[in-house]
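Engineer: Chains as they are written, first to last, in the working numbering: chain A, 225 to 531; chain B, 225 to 531; chain C, 225 to 531; chain D, 225 to 531; chain E, 225 to 531; chain F, 225 to 531.
C-beta atoms are modelled at their ideal positions from N, C-alpha and C, and glycine is treated no differently.
(1) Whole angstroms are fine: how far does the CA of residue 330(A) sit from the CA of residue 396(A)?
(2) Here's a check: name, in chain order, each residue in its chain whose Cβ is nearer than 8 Å to the Cβ of residue 241(C), leaving out the five neighbours to either side.
(3) What whole-angstrom Cβ distance do residue 292(C) and residue 255(A) have, given they're in contact under 8 Å?
(4) Is the shortest distance between the beta-carbon of residue 291(E) and the beta-carbons of chain A less than 8 Å?
(5) Put residue 518(D) into one of helix, strand or coil per three-state DSSP.
(6) Fully enclosed by the segment 232 to 319 of chain B, which alpha helix (DSSP H) runs are 4 residues long or longer?
(7) In the segment 292 to 315 of chain E, which residues sit with their C-beta less than 7 Å from some C-beta in chain C, listed in chain order?
(8) Taking the straight line between their C-alpha atoms, what separation do you get for residue 345(D) and residue 356(D)?
(9) Considering only DSSP beta bridges, list what residue 455(B) is partnered with.
(10) Output yes if chain B places a C-beta closer than 8 Å to the C-beta of residue 240(D); else output no.
(11) Give me the subset of the segment 421 to 435 of chain C whose CB atoms are less than 7 Å from a CB atom of chain B, sorted by chain position.
(12) Spell out a yes or no on whether the segment 442 to 456 of chain A and the segment 416 to 432 of chain A are touching, meaning 3 or more CB-CB pairs, one atom from each, closer than 8 Å.
(13) Taking the alpha carbon of residue 412(C) as the reference point, which residue from 402(B), 485(B), 424(B) and 432(B) has its own alpha carbon closest?
(14) Classify residue 504(A): buried if its beta carbon has 16 or more other beta carbons within 10 angstroms, exposed otherwise.
(15) Determine the chain E residues that contact residue 288(A) at a beta-carbon separation under 9 Å, and present them in chain order.
(16) Among the residues of its own chain, which have a CB less than 8 Å from the CB of residue 405(F), if the five just before and after it don't count?
(17) Give me the Cα-Cα distance between residue 365(B) and residue 265(C), rounded to the nearest whole angstrom.
(18) Does the beta carbon of residue 451(A) come closer than 8 Å to any beta carbon on chain C?
(19) Evaluate the contact criterion for the segment 242 to 262 of chain F versus the segment 271 to 279 of chain E: three or more CB pairs, one atom per stretch, below 8 Å.
(20) Does any residue of chain D have a CB that is nearer than 8 Å to the CB of residue 236(B)?
(21) For chain B, check one thing: does any of its Cβ atoms lie closer than 8 Å to the Cβ of residue 372(A)?
(22) Of the residues 463(F), 512(F) and 236(F), which one's Cα is nearest the Cα of residue 295(E)?
(23) Starting from residue 449(A), trace the beta strand (DSSP E) both ways and give me its first and last residue.
(24) Just to make sure I have the definition right: I need the residues of chain E whose C-beta is within less than 9 Å of the C-beta of residue 534(D). Which are they?
(25) Under the assumption that residue 455(D) contacts residue 435(D) (Cβ atoms under 8 Å), give the Cβ distance between them as a whole number of angstroms.
(26) Based on Cα-Cα distance, which residue from 466(E), 289(E) and 268(E) lies nearest to residue 300(E)?
(27) Less than 8 Å between the C-beta atoms of residue 353(D) and residue 252(E), yes or no?
(28) Residues of chain F with CB under 7 Å from residue 415(D), in chain order?
(29) Where do the ends of the alpha helix (DSSP H) carrying residue 374(E) lie?
(30) For residue 468(F), does the count of other Cβ atoms within 10 angstroms reach 16, so buried, or fall short, so exposed?
(31) Mapping DSSP to helix, strand and coil, what is residue 357(E)?
(32) With 9 Å as the limit, tell me which residues of the segment 452 to 486 of chain B have their beta carbon closer than that to any beta carbon of chain C; keep them in chain order.
In structure tokens form, the structure reads like this:
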């Protein structure tokens, strides 16, 4: 090796220059505060919840009626403790807690209360997820059996995480829902904001590139294909040019609508009526009446035969 | 910590409610059955196959002619054992095996037979993959050398997994091909169904959002860019409204076709003739003659200069 | 188990056939050479750089002004050693080094020199990243606070890795920039070539499917949404049909341009003038004047009400 | 690096020579047989049993009455499966099973039966262990509280593993008891053969070098210090010079005996009567009456003052 | 597999019986309390302290004057946090803290205060350890260089852990010193109670079986070989038969004493005068004058020539 | 938590004080030098060698004649590389290499040469180890079969590591033999110096506390029990009081000698003649004629019956 150790003498000086930027550029570091929610912990929560929601399909083998209550009871207890801690951290951070950390107990108690409300919703959530699995089986001719959906379908993975994150979002828990949904986004390419509301029997096929915005309302039995955007048309700004946050900016999709690949539907006032079909690559910024099929007009293509 | 232990007293009751849903919602749990194929094992198989297919490029360093046979021979032996077990599980599960597991040995013997057929195809597969690497080098002006393709190109990663999964698919092995292709999908955003048939010298650039359906036929020397969908136009249903499964639903792409980014080609009877070029964002549901270039017509844009 | 051990007798023969292909298909194996850059090491470098760039937000908890210099100083030292080694390997491999490895020290010394130049740029890079965080907060009405951007936004993750990879690219380091950018691509679906040049205050929302080509020039305060392609129109070939490498093939985007979802902008001579707005799904191959808004014309849709 | 790759050419030849010894020296390799009990699995069984026997003291934190049944129930289920498999392997191996492995199911069924008998004894075992903990607290003036015994005392660790191994030994399970006791030996320096029988309230202090032979009988309330050997005097051989296996070769220690450090007691017919005290470093090969104290006579020392 | 799933039906009943013993045998479980010090954390503290005390000899390679302050500063900070937490737990547990855990902060503050006192002693401790290393080099003719002592000598490992545990013992920290010393005991067979006081230049050779009791006083330049016991002669009991705790029960060893293998020295009033030599296997319960050599008298052996 | 962050302000000052001792106490740190042999690497070498010496008994399951050559060949190759590197480091360090590391290649070449000599001895070593296994089976009436010896006997574990370390010692490799033998010492309590010479059919039973010195000569068919010391009588010093290193200081044990538990045999000129038997706890500093049995004379015990 020809590493020259003397050249490393400049590293302490470089370190000092870096550390100086932590004072001058304080917005992108987080020093001296109480800890933020821990990413690895939040992801492990998703894994454990998947074990509970789909027992026998994930890591743990050999579950049967005689042992599953032990397994689930043990996981629920650990989830309680882990979520209590992470939600407490998220609440404290949002509240702009000071360095002294002297009030932590209050946030942790609040975290526990919200954790219990969240866990209480899980049995009901399984009913909803069963409809999503059924919808995937009914909607994909390449699907051989329901187990395949639970095993392999990224759409179901993204929807499951969305439904968990949405429960937390409804409980006004900051940061964590978004951390969860971005984890699912990273794995599936499907970006569903935890704030969206989505009915039963939801099916996303292939899914890469799907974006579903924060204020979307989606009914039941809706099917969505890869690359579909349910987005905002434009953003209102207030008199000082700042974004107005909190408005309905994304469309409403009624029951039994099918939206084919790469279609784009924009705008908070756009309503796609029930039983409508939106064709592949269609771009829509206005409402569509129920039972309407919208397709690209015979495409304007330029054909050029090779000489 | 202000966690109130008494509040945890409700967790056993919650556990019971969750477990009750395992009886009432039995479609989304898998209890008391013989084990399903193990996801981690299947993924480790992909990693080991990559070590064999591209020796010296993946984890193991220091391979040379004198030791590579030992390394590969040891991996092949382990792959045999692991695949035999996982394929046996998949076959048993598909057969609707009962709880008693008394017939396991038959499925494992069948698993071994299929494993040997699969492994036997690997030397030949390397020839095919060499053409894919060459195609990437020939097709991307940003590519400096072939090694870079093997090292960094998500397209090659997705195609490699597809070709492995396709071999398993041809052997009528359930679940595992799809588990493999969804793993590649998650890492690359490229979703190639293991049932598709694809010729040599296949190149996918960038790749995010590419979807290639189960019944596609793709010739040799085909190039595909990000966001391309080779999909189904609509799904036939039988008299009772159920999907008809097994038909050719996806297009045929002949030799030397280039399909630019975000183009959409739909329908089982659509044939893109050899040497055709399909432009970016084009949407096609009909066949295209050989040697034809299809581009978007001068786009209908609304230009609005700012006041 | 019904595994038949005698059937395994064919595995050594299979191994031999595989190893034979390493001679006959030598382009896709790497035997007997000095080691290539190690993928896991390169990824760990990204993780460590993230710890330095956004201290307190990633793995390490409990950082404060009193200990952060120790933490960062220790990381910088380890980064120096690791990068020196990996860059040395990359340089040696690019130089077509022979089996004997006798010249390794020269490449490692060169690797150290480039490493020091790279590390020297990090303090300045933090200023740039602070503008990117600000741009995300300013640009997304769903964003509650800056911390959320650093924590959850895949756009920022991709941009951060791009900016690191770009520094290495500017230092003429082979392989490693691309390995980094493909890692980010895999996690975010955002594919930014390390060769692109991108100004401050860059924001990518959602991001899946974004492709930014090697020779793009992007100004300051630019916003890009999911599925946007900034690509090449066609590739020039020389007299012998080989690709001409190294030309400007991708567009120029001036300051304060907004490009909405799934828009496609192609061509090395295409310039999108400052303050222009490119609408969702628009397809452009020509330059656009400053301050122009380009939208899809009232789309040509076929509406069909159900009978 | 100056590694000479050509010198590595002799390694394949060396490998061949090594492999040749597997045929010529077949007693010390185990090829082509069904698998032996797995060491890591057996050790993990000890860890899990410790979690059950001393809940709240080992790895898992936060156990309370509300969750402990879930935790223990889940562990018991996993222990059942793991022990069934490992005991089945041990039984099969002892039976000299052939290569074909066709009878494995019989051994696994037998393994399960023995596993259930073993698990059934655990509640009762806790009563015995509670007496051992009490004995350590009563016997060591340096001990501050009972928790310290469970936490830190190697004597209790060795006794716990002995009591578990002894249960398995009584069930005629081969290999596994000895694997367990050697693990404890390695950690504590205390070597208790699983065949020994030992009463309640057993205490070993410090313990390094203690050896307790296979046919020892030890009563209740016995205390033993470091370096004590309860061993065999000599081994009988049969007419052909082979060892006679299975005789009582080790001493009997009656209730309330104390044996101080480094004492040696040998012989299968040696009985140390109840309430006897055996002094440090004493060497005994004959029986000692009850209530007798045996000390080294005023030691024969040679004192030599320095000139 | 022939596992009979119906036989597993008895496991829940077994679990219940086990859990019932947690109420009836409450002394050997720890349920519903605040957590005990964590064993893995305590051991990791020892590892980190070794990195600081002998930098460059343990895990971290590549330390030099330019980076060692960063490395050590970062470790010290983490040690502070980890020890504060674990010492807080130990203090709370010793105080018989109730289930409610409402007072944790007090114990953690106390833990921090003690942690800072402990860390403050580390620079001075290095001076002492340097004398121990020197003593080993001077005392073992098989030792080639000082580095070998730090690298390989179990005696130094045990002494180092003892000296750390003794610092904590002096600060009245419960549990943790003993956890540390038992860890060293397990690895080296050397059992030094943290309460003993031991002077500089202490050397233990081989060491297996060495026991040094809680109230030993050992001077400077003392050498001890394997199997040496410095123990108690007998234990006083009070009127009710309970052990009297806290008395001086173990011997005093003055400066420059050498104690050869397997010697036993007992009693709190026994003083081995300075410069004495205690021969191998000698058993002593009375004081020995300075500068005296004590050897076994010509041993009483029975020689029997074979016929 | 009540951690007071302000109190942590003293940690940087403490760090500085610690780092200052690295200059003032330079003998116990290793800064700015080329790296020492890596402990974890050396231990992994032992594990790999065990896999080769006893194939089928250690971690890897499923070995049979068809795959064992691949497995062993791959391990041998990796062992070559790893040992070459570690031996090179050890040689460089012993040579007092300077900071500049410029001569590393020479040491690495020397390391490779010694590695090849070492590996070349492994086939022959297996013959020797087979005699040791046989000796254990023949010598222990509690032993049921040879497999149990390989699986569970700490004596065999220690002897195996000794024989490996001795091969390295004979090749004049510094540090590494001792690191290996201390690892075995830690696990088994058996301390055999790598310099001792030991014949075939060596058996150590129980073993804790056994010490075998550097210059011992041990013949064939020797049996040794726990606590046996084969040590030095006293150390010669030269005129300046320094130890004379390198003399024969430890006894010679001829063929077929049995040495029972806790016996002590001292002195470089002490010879225990062939076929002698040394009884338990005997202490010997003179030679013993062949075929002699040496026992403790009827021990001088003080019996005291309780009143």
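Structural biologist: This is what the structure gives:
(1) 16 Å
(2) none
(3) Sure, about 6 Å apart at Cβ, within 8 Å.
(4) yes
(5) strand
(6) For the segment 232 to 319 of chain B, the continuous alpha helix (DSSP H) assignments of 4+ residues that do not extend past its boundaries occur at 235 to 248, 263 to 277 and 292 to 318, in sequence order.
(7) 294, 295, 297, 298, 301 and 305
(8) 17 Å
(9) Partner(s): 490(B).
(10) Chain B contact via Cβ: absent.
(11) If the cut-off is 7 Å between Cβ atoms, the segment 421 to 435 of chain C has 432, 433 and 435 near chain B.
(12) yes
(13) 432(B)
(14) buried
(15) Contacts between residue 288(A) and chain E, judged by CB atoms closer than 9 Å, involve 229 and 232 in chain order.
(16) 385, 386, 389, 415, 416, 417 and 418
(17) When rounded, the distance between both Cα atoms is 27 Å.
(18) yes
(19) yes
(20) yes
(21) yes
(22) 236(F)
(23) 447 to 449
(24) Because chain D is modelled from 225 through 531, residue 534(D) falls outside the range shown and cannot be assessed.
(25) 6 Å
(26) It is 268(E) whose Cα lies nearest to the Cα of residue 300(E).
(27) yes
(28) For residue 415(D), the chain F residues whose C-beta falls within less than 7 Å of its own C-beta are 430 and 432, listed in chain order.
(29) 370 to 376
(30) Answer is exposed; the Cβ neighbour count stays below 16.
(31) Residue 357(E) falls in the helix class under three-state DSSP.
(32) 484, 485 and 486
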